[in-house]
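Scroll down for the structure; my scribbles are underneath it.
In the working numbering, the protein residues as written are 885 to 1512.
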């Protein structure tokens, strides 16, 4: 139990010595810390790829060889390079292994641990480099990032509170409770320029001040960890790799606005995040960092977890709060805003995981430090979950103002198979597409809105030349229609009508007049839907129509899909000049759509053809082509 500042300082000093080996290669090992630390990613992606078996294998070999006092195997959070997982990191050498499989454990142990010879075939970066220690400094994926929200992910054991404390954990809470007044905390957050990382980018300090101004006895602090955007996993990864940072930040927020209770709303579909958050809360309570009289200052604050059932609409703040209350998650009209009347009818602030993850560092390093990062109106860093048609999928954290080109090509490693970049989708179903012509646009709140997109939570899906933008708009509309709560007609009915029109277009049944209908309908929904999710639902359609109108015209006028994605408009054609009349295509066609023999040219009956592509795949002479 931590009852005073001296108690936590003692833990911090003791554990810092144990962890020094991860920071300084020349550090002397401690009796409890060991001579070597092996960090194994325990995030969702790597766990699903058997990283736990890697941990078990290493620990077994270490035990057999009686090296438990010398070598520590640590389950940690996401390193970010998800495309190369499972990832294993060795300290003090700072050597990273990628794509490690359980069957590689014996080789790693025998070669690296016992003989001091790294396994080069598994190395991240240049496998042939003469000097491989600290080689990650030269890997663009890591060297071009700036980690603030993710600073502890991959660096500590998220299930060990002492390791978080050793990394200056709870120092910010200690500072605000002993050195700052609540209004000082709010002023610091305002001066930092921190904007919400979960949606529209509302200034965090301003939101907190609204709640602080309410003169009532009971207030609440909420955290949105619902994260339902397709392809987004930033918040989940923070909870998996550094749950204490959210706990500390929420306690700071509670002190700033005068709240003694917080709730973390997290998806039940994220079991690892839920488990580690639950462990972290219990540890903080046992240490006295949550509960009554924290640090002996008289400040009370506690946290509870509420599990969401996976409804996308519960990412909207008022719907989230009704769900926390045990009611159906539906948006409520605003005003009053949650800062005035929120959870259980009391003043409430709601921020997402990434927003909270920035708070302790702002308190410790100061508002000026944070505001020096980024652009004039978008301060700090932003975490993106980069996925789709890109070589280095995973988590990246970059200063605001970094261009899309830097993210995709310098950090992300470019587009696979030599394909051309076509567009990037930011903001998920609420966002929009950024075309290749805007690759050099700085990524910040205002620039994205000007392009018809938005920051959102930070999902970034990359598309290449083989992507049909009409089909992409259809995908997001299907998601929105399925996830609509149904409360307001513009969203419930309007998005369904939009989907019907877009579906007609992808099936080759669309008309030019449909494009005007689609745009008018989209703008009406934006203007009249009840909540932010409904108001932004048309964005994928509007942005694709804005930048890729030619593709829509090709679908409705030429009845062709330029990318060859929309099956109804695809035709497989046999070129007789190349065809050797071997009949392999005819034998493999599942619906008998191909006719011909050795004396007669082979032809595909387009009415019978189901567009499966088997004929093109099986043809040994490449005489069948997809003619979109």
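Backbone N, C-alpha and C define an ideal beta-carbon position, used for all residues, glycine too.
Of the residues assessed, residue 1248 falls on the exposed side of the cut-off, its CB having fewer than 16 other CB atoms within 10 angstroms. DSSP places residue 1415 outside any alpha helix (DSSP H), giving it a letter other than H or E. Between the alpha carbons of residue 1423 and residue 1315 lies a distance of about 6 Å. The beta carbon of residue 1477 is closer than 7 Å to those of 1488, 1489, 1492, 1493 in its chain, skipping five residues each way along the sequence. In this chain, the alpha helix (DSSP H) harbouring residue 1128 covers 1127-1141. Nearest in C-alpha terms to residue 1020, of all of 1061, 1041, 974, is 974. Here the C-alpha atom of residue 1033 lies approximately 15 Å from the C-alpha atom of residue 1026. Secondary structure of residue 990 (DSSP, three-state): helix.
In the DSSP assignment, residue 955 falls within the unbroken beta strand (DSSP E) covering 955-960. Within a 10 Å sphere around the beta-carbon of residue 1411 sit fewer than 16 other beta-carbons, which makes this residue exposed. When DSSP reads this structure, residue 923 sits in a beta bridge with 958, 973. Residue range 1237-1249 is occupied by the alpha helix (DSSP H) that includes residue 1248.
For a cut-off of 8 Å, the C-beta gap from residue 967 to residue 1276 is around 5 Å, short enough to register as a contact. In this model, residue 1386 and residue 1414 are separated by some 23 Å (Cα to Cα). Taking 8 Å as the upper bound for CB-CB distance, residue 1023 and residue 1009 are in contact here, some 4 Å apart. Boundaries for residue 914: no beta strand (DSSP E) harbours it, and the DSSP string shows neither H nor E there. By the C-beta criterion, the region 1101-1109 is judged not to be in contact with the region 1060-1079, since fewer than 3 inter-stretch pairs fall below 8 Å.
Excluding sequence positions up to five before and after residue 1049, its CB lies within less than 7 Å of the CB of 892, 895, 896, 899, all in the same chain and listed in chain order. Nearest to residue 1212 by C-alpha distance, out of 1000, 1370, 1235, is 1370. For secondary structure counted as the alpha helix (DSSP H) over 4 or more consecutive residues, the region 1065-1123 holds these complete runs in sequence order: 1066-1076, 1088-1096. Taking C-beta atoms as the reference points, residue 1418 and residue 1372 count as a pair closer than 8 Å.
Counting other Cβ atoms within 10 Å of its Cβ, residue 1265 reaches 16 or more and is therefore classed as buried.
For residue 1359, the enclosing alpha helix (DSSP H) begins and ends at 1353-1367. In this structure, DSSP gives residue 1041 a state outside helix and strand, which the three-state scheme calls coil. In terms of CA proximity to residue 1115, 1270 leads the group 934, 1270, 1471. When rounded, the separation of the alpha-carbon atoms in residue 1460 and residue 1468 is 14 Å.
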